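Chemist:
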Amino acid sequence: MTRTDIAIVGLGKIARDQHLPAIEAGGRFRLAATVSRSGGMDGVQNYESVEALISARPDIGVVSFCTPPQVRYGAARAALEAGRHVMLEKPPGASVAEVRDLAALAELQGLTLFATWHSRMAAGVDGAKAWLSDKAVRAVRIDWKEDVRVWHPGQAWIWQAGGLGVFDPGINALSILTEILPGAVHVSEADLHVPTNCETPIAADLRLAGPGGMAGEVALDWLAEGAPTWTIRVRTHAGELTLEKGGSVLTIDGAGAGEDAAELQGEYPRLYARMAELIDGGTSDVDLRPLELVADAFLLGRRTKAAPYHDPVETGER
Ligand code: NAP
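Heads up: the sequence shown begins at -4 in this note's numbering, then just goes up one per residue.
(1) Among Gln260, Glu19, Pro148, Ala27, which one has its Cα closest to the Cα of Ala117?
(2) Look up Ala302 in the DSSP assignment and say whether it is helix, strand or coil.
(3) Between which two residues does the alpha helix (DSSP H) containing Trp146 stretch?
(4) Along the chain, where does the beta strand (DSSP E) that runs through Ile137 open and close?
(5) Can you tell which of Val66, Gly5, Asp37, Asp54 has the C-alpha that lies nearest to the C-alpha of Ala156?
(6) With distance defined between alpha-carbon atoms, name the residue in Arg23, Ile3, Pro164 nearest to Ile274.
(7) Along the chain, where does the beta strand (DSSP E) that runs through Gly211 open and close?
(8) Closest by CA to Tyr263, which one among Thr(-1), Ala20, Ala2?
(9) Taking DSSP as the reference, what is the three-state secondary structure of Met270?
(10) So, is the C-beta of Val229 closer than 8 Å to a C-beta in chain C?
(11) May I ask you to report which of helix, strand or coil DSSP gives Glu184?
(12) With a threshold of 7 Å, establish whether the CB of Lys85 neighbours any heavy atom of ligand 1.
(13) Determine whether the beta carbon atoms of Ile49 and Leu26 lie at a separation below 8 Å.
(14) Give me the Cα-Cα distance between Asp328 and Ala110, rounded to the nearest whole angstrom.
(15) Give me the residue from Val4, Pro63, Gly69 with the minimum Cα distance to Val39.
(16) Rounded to the nearest angstrom, what separates Leu238 and Ala47 at their Cα positions?
(17) Report yes if the C-beta distance between Ser59 and Met36 is below 8 Å; otherwise report no.
(18) Are there 16 or more other CB atoms within 10 angstroms of the CB of Gly296, so buried, or fewer, so exposed?
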């Protein structure tokens, strides 16, 4: 197999934990360069900006963005304008309209834009979608609860406007939900709990609605200590489905229905395989429904003040 050269932009937690190992494990792509403000990694050419990468390396045809959503648009646009295929970490941008603009540009240029949703690649998601495809959905309940001090220490951008706060993990649940439901879903009410020293929520409660009287509840909590809860329950006219551990464990009416995989296992290799398929097929994959639900939660949301949040890196606890 001929491997395609790829560049990674932003060598933070997700790039190091998932993207680099997924590329190194083999498959279609070969890491040819990085774009990192903090110096890059041994043995791989690093550039200080996407613009520098583009002008120095016309041979690199694919750029994968692992930067925070607030700083993606300009650099991703520059990559597309320069004729490169682009892969975006979730959420694909800081606003819905900016990602639509990127999708339109990719189409105009005949390039691939892949707005990835890694949780959709979790082991139980395809089975859940197949089982729900002929069911009438009555109710949905999502609990997405984890400890931000464990999962996001030192990440100031998540607390700044556009960083999504608790919706940064919460959008993973919404990406699964929009993938598996056979019909539409929208936010009808939202309560957002925002620490007095932050710009984004630390907890949120949503109500969802959909066709046929479907109703849903979403509870997002970023101060839950101990083991995280990443669970989606869907009650239908013909039984109940549960996805646990971020979509990796599927249960239907209490019985296991497929592989039990660790969280995130296999998700990133599948994302890169999908990117290769999209490039080969000359097409893009940009589904904005999860981001629209979050944008609507911010539009509809009642804000309440929550206690100030102190990052453990800032306070010296980590
Ligand atoms: P992170 O650890 O803060 O890393 C982001 C990296 O982007 C930084 O290390 C930095 O790398 C670069 N960067 C460029 N401009 C920046 C700016 N203005 N502020 C901060 N960083 C900047 O974040 P992350 O957890 O990897 O998350 C990145 C994206 O991946 C987010 O969209 C997030 O939702 C998504 N994601 C994260 C996880 C997770 O578990 N953490 C899981 C799935 C998806 P350089 O120093 O190399 O330039």
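Using N, Cα and C, we set each Cβ at its ideal position, and we do this for glycine too. Note that the structure is predicted; figures quoted are calculated from it, not measured.
Modeler: Taking the coordinates as given:
(1) Gln260
(2) DSSP places Ala302 in coil when its eight states are reduced to three.
(3) 143 to 146
(4) 132 to 140
(5) Of the candidates Val66, Gly5, Asp37, Asp54, Val66 places its Cα closest to the Cα of Ala156.
(6) Arg23
(7) 210 to 216
(8) When each option's Cα is compared against that of Tyr263, the closest is Ala20.
(9) helix
(10) Any reference to chain C falls outside this structure, which holds one protein chain only.
(11) strand
(12) yes
(13) no
(14) Nothing about residue 328 can be reported from this structure: the residues present for the chain run from -4 to 313 only.
(15) Val4
(16) 43 Å
(17) no
(18) Buried: at least 16 other Cβ atoms inside 10 Å.
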